[in-house]
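Protein chains: 2
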Amino acid sequence: MAVRGAPAIGLTAAYALVLAAQEAAKSGARGDARLAIIVRARDVLAQTRPTAVNLAWALDEVLRVAREDPSPGALLQKAEALHAEDVAGNERIGRQLLARLRPGMNVLTHCNAGALATGGLGTALSGLFLARELGLPLHVWVSETRPRLQGARLTAWELTQAGIDCTLITDNMAASLMAKGRVDLVVTGADRIAANGDTANKVGTSMHAVCAAHFGVPFHVAAPRSTFDLTLSAGDQIPIEERSWSEVTTVGSERLCPEGMKVYNPGFDVTPAALIRSCFTDRGEIEPVSREAIARVMRGP
Amino acid sequence: MAVRGAPAIGLTAAYALVLAAQEAAKSGARGDARLAIIVRARDVLAQTRPTAVNLAWALDEVLRVAREDPSPGALLQKAEALHAEDVAGNERIGRQLLARLRPGMNVLTHCNAGALATGGLGTALSGLFLARELGLPLHVWVSETRPRLQGARLTAWELTQAGIDCTLITDNMAASLMAKGRVDLVVTGADRIAANGDTANKVGTSMHAVCAAHFGVPFHVAAPRSTFDLTLSAGDQIPIEERSWSEVTTVGSERLCPEGMKVYNPGFDVTPAALIRSCFTDRGEIEPVSREAIARVMRGP
Numbered sequence: 004m005a006v007r008g009a010p011a012i013g014l015t016a017a018y019a020l021v022l023a024a025q026e027a028a029k030s031g032a033r034g035d036a037r038l039a040i041i042v043r044a045r046d047v048l049a050q051t052r053p054t055a056v057n058l059a060w061a062l063d064e065v066l067r068v069a070r071e072d073p074s075p076g077a078l079l080q081k082a083e084a085l086h087a088e089d090v091a092g093n094e095r096i097g098r099q100l101l102a103r104l105r106p107g108m109n110v111l112t113h114c115n116a117g118a119l120a121t122g123g124l125g126t127a128l129s130g131l132f133l134a135r136e137l138g139l140p141l142h143v144w145v146s147e148t149r150p151r152l153q154g155a156r157l158t159a160w161e162l163t164q165a166g167i168d169c170t171l172i173t174d175n176m177a178a179s180l181m182a183k184g185r186v187d188l189v190v191t192g193a194d195r196i197a198a199n200g201d202t203a204n205k206v207g208t209s210m211h212a213v214c215a216a217h218f219g220v221p222f223h224v225a226a227p228r229s230t231f232d233l234t235l236s237a238g239d240q241i242p243i244e245e246r247s248w249s250e251v252t253t254v255g256s257e258r259l260c261p262e263g264m265k266v267y268n269p270g271f272d273v274t275p276a277a278l279i280r281s282c283f284t285d286r287g288e289i290e291p292v293s294r295e296a297i298a299r300v301m302r303g304p
Numbered sequence: 004m005a006v007r008g009a010p011a012i013g014l015t016a017a018y019a020l021v022l023a024a025q026e027a028a029k030s031g032a033r034g035d036a037r038l039a040i041i042v043r044a045r046d047v048l049a050q051t052r053p054t055a056v057n058l059a060w061a062l063d064e065v066l067r068v069a070r071e072d073p074s075p076g077a078l079l080q081k082a083e084a085l086h087a088e089d090v091a092g093n094e095r096i097g098r099q100l101l102a103r104l105r106p107g108m109n110v111l112t113h114c115n116a117g118a119l120a121t122g123g124l125g126t127a128l129s130g131l132f133l134a135r136e137l138g139l140p141l142h143v144w145v146s147e148t149r150p151r152l153q154g155a156r157l158t159a160w161e162l163t164q165a166g167i168d169c170t171l172i173t174d175n176m177a178a179s180l181m182a183k184g185r186v187d188l189v190v191t192g193a194d195r196i197a198a199n200g201d202t203a204n205k206v207g208t209s210m211h212a213v214c215a216a217h218f219g220v221p222f223h224v225a226a227p228r229s230t231f232d233l234t235l236s237a238g239d240q241i242p243i244e245e246r247s248w249s250e251v252t253t254v255g256s257e258r259l260c261p262e263g264m265k266v267y268n269p270g271f272d273v274t275p276a277a278l279i280r281s282c283f284t285d286r287g288e289i290e291p292v293s294r295e296a297i298a299r300v301m302r303g304p
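Just so you know, the sequences run in chain order A and B.
With the first letter of the first sequence counted as 1, position 180 gets the number 183 in the working numbering; the numbers rise by one all the way through.
With the first letter of the second sequence counted as 1, position 101 gets the number 104 in the working numbering; the numbers rise by one all the way through.
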C-alpha cells in the first residue's frame, strides 16, 4: 500500500520493470536468459494486487518492448511514454467532468482518484482541479472511505492543498445528504472495468451508486483505457482482493472492537453498469455505459 | 454519551427525576416550590439530546406522577414501572423478529439496539438473543457504525457475549454483501418515528434501507411505543442532532484527516416509511408502515 490507486500501481510496476532490466543488464545474462530475469520480475509484480487491471496492462506493455529490446533504456523510454500518456489522459478525463460541472455544485467522491493515485492530475479529481484553475466555485463532499481512510487522508489533503472547498463525511452519511438534495453529482475512479461496464472500485463505491440511483443523482466513473479489461464480459468475473482484518479492527494504535471478532474486509466492490451515468475516459466519454459503446470507444477512431 | 440508545436514554432520565425528587424532598420545599425543582430538572434533562423522543416521553410520564405526588417514592415507582414495561416490551418486540427468522439466515444490523441501549434485551437485537436461546442458527453482519463505532464496540460485544455468530464490516460494505445475496434481513432500532412511519435512527440507517430496497432485502425497524412521536406528521420535522467534528476527525488518539478539515456530523438520519417493511413494536407489528396502521396500533385495543 506504499503505492495505491490503479493507474499509479500500473506506472510504478512499469518503472519497476526498468529496474529489473537494469539488474538483468548488470548480471551479464544474454538473450533469453536476460529476458527471463525481466519476466520473473513481471510475474512477481503481477501478483502483488489482484483487482487493479492497470497493473497487468502496464506490465504487458513494457514486456512487449522487452521482448524486442531488453535494454534498460528501451524499457525506460516505454515506462516514460506510459507515464506521459497517463498525464495527458488525466487531463482529457478531467475535461469531460468539467463539462458537467456548474457553479455552486456539490460533488461527492469516494476514496482517492487524484494525483496521489495516478501519473498526473488524477481521474475523478482532475476535473475538480481544472475547475479550480478556472475559478469555478464548487463544494466537494469527501467520503472518508473506511477502512483505509483514503478519502480522509488523501483526497481531503489533495483538495485542501488545491484550495477546493470540501467537507469530510463518514461513508454512511452520503444517503442522507442525497435525500436532502445536497449532492449534485458523484464521481469516483475505478480499479477494473469489465467489457459490459461493470466497475470494480474501492469498497463502498457500489453503495454510493445505489443511493445515487435511488435519489436521481448522476453517478460517474473516471478511468483511463488501462483500467478496462475487455477479456472479462461482466463484473462478477473481476477478482476482489480480501485484505487484512486488522484494517477494520484497528486504526493506528486504537482497537475498535472486541478481541477475536470475525471480520470481512473486501478491498473493492463492483458497481453494475446500469447504475453508472457515464465513464470519463482518456479516449472520450462513454454514455450510456454499454458493451457496444465501450468496445467502440476503446477500439478508437 | 455515557448513556445512549433511545429507550435507555428515556429510562435514565426517568430515574434522574427520582434523584431530583429526592433533592426536592431534602430541600424542605413544599407544594409548587417542590414541584418546580423537579420541573427544572426535567427541563435540563430534556435538552440533553434532541433526536430520541423517548427522552421527552419518559420525562412527561414521570412528571405527570410528580404533579399528583412529588415524593421520591412515587416517582421511583413510576420509573420502575416504565423500566419493567420496557423489559416486557423488548421481549414482545423480539418475538416479532423471531417469527421472521429462519435457520441459517444472515441478518444485518447497524449501530446498537441491544441490552446496552434499552432497559431489557434490546429492540433490534432482542429477537436475535431469543433465537440464540432457542438454538436457531443465525449469522449477523455487524455494521461498525461510524463515527462512534457503536456497532464495532457495543453490538459486536453483546452478540459475542451471547455466543451469536457474527462478523464485523465497515458500513460501506453492506451494499456489496446484499448484491451477492448474503444479507437476508436488516433490522435496526429507532430514535424517533413520526406519525407516517418515517424513522430517525443512527446515521447510516437510511443508507442501509436504500440499499436493502434496491436489492429486495426486507428492512425492519424495532422500537417501543415511547419512540413514536405522533405529534410529527413526517420525518422531515424530526430534529437531527449535529455532533462534534472530532468524532469524525479522530478515533481515540489517532488523527484521521488533515488539520483544519471541515466536517459534517449529523448523529442521525431519516429513513422514509416506504423503505421499511415493518415495525416491530411492544404493541404489535406494524405492516405495512402507514399513518393509519401506526395510529391503530398505538391507540391499542
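All C-beta atoms in this analysis are idealised placements derived from N, C-alpha and C, irrespective of residue type, glycine included.
With distances taken from CA atoms, which of Arg98/A, Ala44/A, Tyr18/A, Gln50/A is nearest Leu78/A?
Translated into positions along the first sequence, residue 78/A becomes position 75. Closest option to Leu78/A, Cα to Cα, is Tyr18/A.
Enclosing beta strand (DSSP E) for Cys282/B [first to last residue]: One-based indexing of the second sequence puts residue 282/B at position 279. Residues 281 to 284.
Here's the rule I'm using: 16 or more other beta-carbon atoms within 10 Å means buried, otherwise exposed. How should Pro10/A be labelled? Translated into the one-based positions of the first sequence, residue 10/A becomes position 7. Burial call: buried.
Listing by chain order, which chain A residues have their CB less than 8 Å from the CB of Gly117/B?
Your numbering for residue 117/B matches position 114 in the second sequence. Under the 8 Å cutoff, chain A gives no residues; its nearest Cβ is about 14 Å from Gly117/B.
Could you check the C-alpha separation between Ser209/B and Arg70/A for me, to the nearest Å?
For the purposes of this step, residue 209/B is taken as the residue at position 206 of the second sequence. For the purposes of this step, residue 70/A is taken as the residue at position 67 of the first sequence. Distance between the alpha carbons of Ser209/B and Arg70/A: 54 Å.
**Request:** Starting from the Cα of Val300/B, find the closest Cα among Pro227/B, Ser249/B, Ala277/B and give me that residue.
**Result:** The count along the second sequence starts at 1 and reaches residue 300/B at position 297. For the residues Pro227/B, Ser249/B, Ala277/B, the minimum Cα distance to Val300/B belongs to Pro227/B.
Review point. Are Ala178/A and Val292/B closer than 9 Å when you measure CB to CB?
Key: Stepping through the first sequence from its first residue, residue 178/A is reached at position 175. Stepping through the second sequence from its first residue, residue 292/B is reached at position 289. No, these two residues do not count as a Cβ contact at 9 Å.
- Contact list for Asp174/B against chain A, beta-carbon separation under 9 Å: Numbered from 1 along the second sequence, position 171 holds the residue referred to as residue 174/B. Those within 9 Å of Asp174/B in chain A are Arg149, Thr173, Asp174, Asn175, Gly207, Met210.
At 3 residues or longer, and completely inside the segment 177 to 260 of chain A: list those beta strand (DSSP E) runs for me, N to C. 188 to 191, 195 to 197, 202 to 205, 222 to 225
ask   = Shorter than 9 Å from the beta carbon of Val190/A to some beta carbon of chain B?
value = Locating residue 190/A in the first sequence gives position 187, where the first residue counts as 1. False, the Cβ-Cβ gap to chain B never drops below 9 Å.
Point to revise | Proximity to Val68/B [Cα-Cα], best of Thr112/B, Arg246/B, Ala55/B, Ala82/B | key: Here residue 68/B refers to the residue found at position 65 when the second sequence is read from its first residue. Answer by Cα proximity: Ala82/B.
- Proximal residues, the segment 131 to 164 of chain A versus chain B, C-beta separation under 9 Å: Trp144, Val145, Ser146, Glu147, Thr148, Arg149, Pro150, Leu152, Gly154, Ala155, Arg156, Ala159, Trp160, Thr163, Gln164
**Asked** Within this structure, are the beta carbons of Phe283/A and Leu100/A separated by less than 9 Å?
**Response** Along the first sequence, one-based indexing puts residue 283/A at 280. Along the first sequence, one-based indexing puts residue 100/A at 97. Taking 9 Å as the Cβ cut-off, Phe283/A and Leu100/A qualify as a contacting pair.
inquiry  = By DSSP's criteria, Gly117/B is part of a beta bridge. Which residues make up the other side?
reply    = Taking the second sequence and counting its residues from 1, the one referred to as residue 117/B is at position 114. Note: Gly117/B sits in a beta bridge opposite Gly125/B.
Determine contact between the segment 31 to 42 of chain B and the segment 236 to 251 of chain B, defined as no fewer than three beta-carbon pairs at a distance below 8 Å.
no
What are the partner residues of Trp144/A, as DSSP defines its beta bridges? Taking the first sequence and counting its residues from 1, one reaches residue 144/A at position 141. Answer is Leu111/A, Thr170/A.
At a Cβ threshold of 9 Å, is His217/B touching chain A?
Taking the first residue of the second sequence as position 1, residue 217/B is located at position 214. Yes, its Cβ sits closer than 9 Å to a Cβ of chain A.
Does the count of Cβ pairs from the segment 158 to 168 of chain A and the segment 257 to 273 of chain A closer than 8 Å reach three?
no
| Do Thr54/A and Ala16/A have their C-beta atoms closer together than 9 Å? | Indexing the first sequence from 1 puts residue 54/A at position 51. Indexing the first sequence from 1 puts residue 16/A at position 13. No. Outside cutoff.
What do you get for Ser146/B, buried or exposed, if any count of 16 or more other CB atoms within 10 angstroms of its CB means buried? The sequence position of residue 146/B within the second sequence is 143, counting from 1. Buried: at least 16 other Cβ atoms inside 10 Å.
key: Classification of Lys205/A by the beta-carbon crowding that lies within 10 angstroms, buried from 16 upward   = Locating residue 205/A in the first sequence gives position 202, where the first residue counts as 1. It counts as buried.
- Item | Among Leu22/B, Asn109/B, Arg151/B, nearest to Ile40/B - alpha-carbon criterion | Reading the second sequence from its first residue, position 37 is the one you call residue 40/B. Nearest of Leu22/B, Asn109/B, Arg151/B to Ile40/B, Cα basis: Leu22/B.
Expected contact under 8 Å - CB spacing of Thr230/A and Val56/A to nearest Å
As a working mapping, residue 230/A is identified with position 227 in the first sequence. As a working mapping, residue 56/A is identified with position 53 in the first sequence. That pair is a contact at about 6 Å.
| request: Would you kindly work out how many angstroms separate the C-alpha atoms of Val186/B and His86/A, rounded to a whole number? | output: Start at 1 with the first residue of the second sequence, and residue 186/B comes out as number 183. Start at 1 with the first residue of the first sequence, and residue 86/A comes out as number 83. Their Cα atoms are separated by approximately 42 Å.
*Segment contact, 8 Å Cβ cut-off, at least three pairs: the segment 136 to 156 of chain B with the segment 104 to 121 of chain B*: Flag = yes, the segment 136 to 156 of chain B and the segment 104 to 121 of chain B touch.
Residues of the segment 239 to 259 of chain A with Cβ closer than 8 Å to any Cβ of chain B, in chain order
Val251, Thr252, Val254, Gly255, Ser256, Glu257, Leu259
Where do the N-terminal and C-terminal ends of the beta strand (DSSP E) with Val292/B fall, by residue?
For the purposes of this step, residue 292/B is taken as residue 289 along the second sequence, with counting starting at 1. That residue, Val292/B, is in no beta strand (DSSP E); it is neither H nor E in DSSP.
Practice prompt. State the beta-bridge partners of Phe271/B as determined by DSSP.
Written response: As a working note, residue 271/B is residue 268 in the second sequence. Partner(s): Lys205/B.
query = So which residues of chain B does Pro106/A contact, with C-beta pairs closer than 9 Å?
reply = The residue labelled residue 106/A in the question sits at position 103 within the first sequence. By Cβ distance, chain B contributes nothing, its closest Cβ being about 19 Å from Pro106/A, past 9 Å.
- Quick one, which of Asn93/B, Ile289/B, Asn268/B, Cys114/B has its alpha-carbon nearest Asp201/B's? Here residue 201/B refers to the residue found at position 198 of the second sequence. Checking every option, the nearest Cα to that of Asp201/B belongs to Ile289/B.
Is the beta carbon of Leu137/B less than 9 Å from the beta carbon of Glu161/B? Here residue 137/B corresponds to residue number 134 of the second sequence, with the count starting at 1. Here residue 161/B corresponds to residue number 158 of the second sequence, with the count starting at 1. For Leu137/B and Glu161/B, no; Cβs fall outside 9 Å.
Pick out whichever of Ala237/B, Ala197/B, Val190/B has its Cα sitting closest to the Cα of Ala216/B. For the purposes of this step, residue 216/B is taken as residue 213 along the second sequence, with counting starting at 1. Nearest C-alpha to Ala216/B: Val190/B.
Report task. Assuming Thr173/B contacts Arg149/A (C-beta within less than 8 Å), just tell me the rounded distance between them. Result -> Counting from one through the second sequence, the residue named residue 173/B turns up at place 170. Counting from one through the first sequence, the residue named residue 149/A turns up at place 146. Contact holds; Cβ gap of about 4 Å.
Point to revise | Nearest-angstrom Cα separation, counted from Ile12/B out to Val6/B | key: Here residue 6/B corresponds to residue number 3 of the second sequence, with the count starting at 1. Here residue 12/B corresponds to residue number 9 of the second sequence, with the count starting at 1. The straight-line gap from Cα to Cα measures roughly 6 Å.
Could you pull out every unbroken alpha helix (DSSP H) segment of at least 4 residues lying fully inside the segment 30 to 54 of chain B, listed in chain order? 34 to 49
Please identify the residue among Leu62/A, Gly130/A, Thr158/A whose C-alpha is closest to the C-alpha of Met264/B. Residue mapping note: residue 264/B aligns to position 261 of the second sequence, counting from 1. Answer by Cα proximity: Thr158/A.
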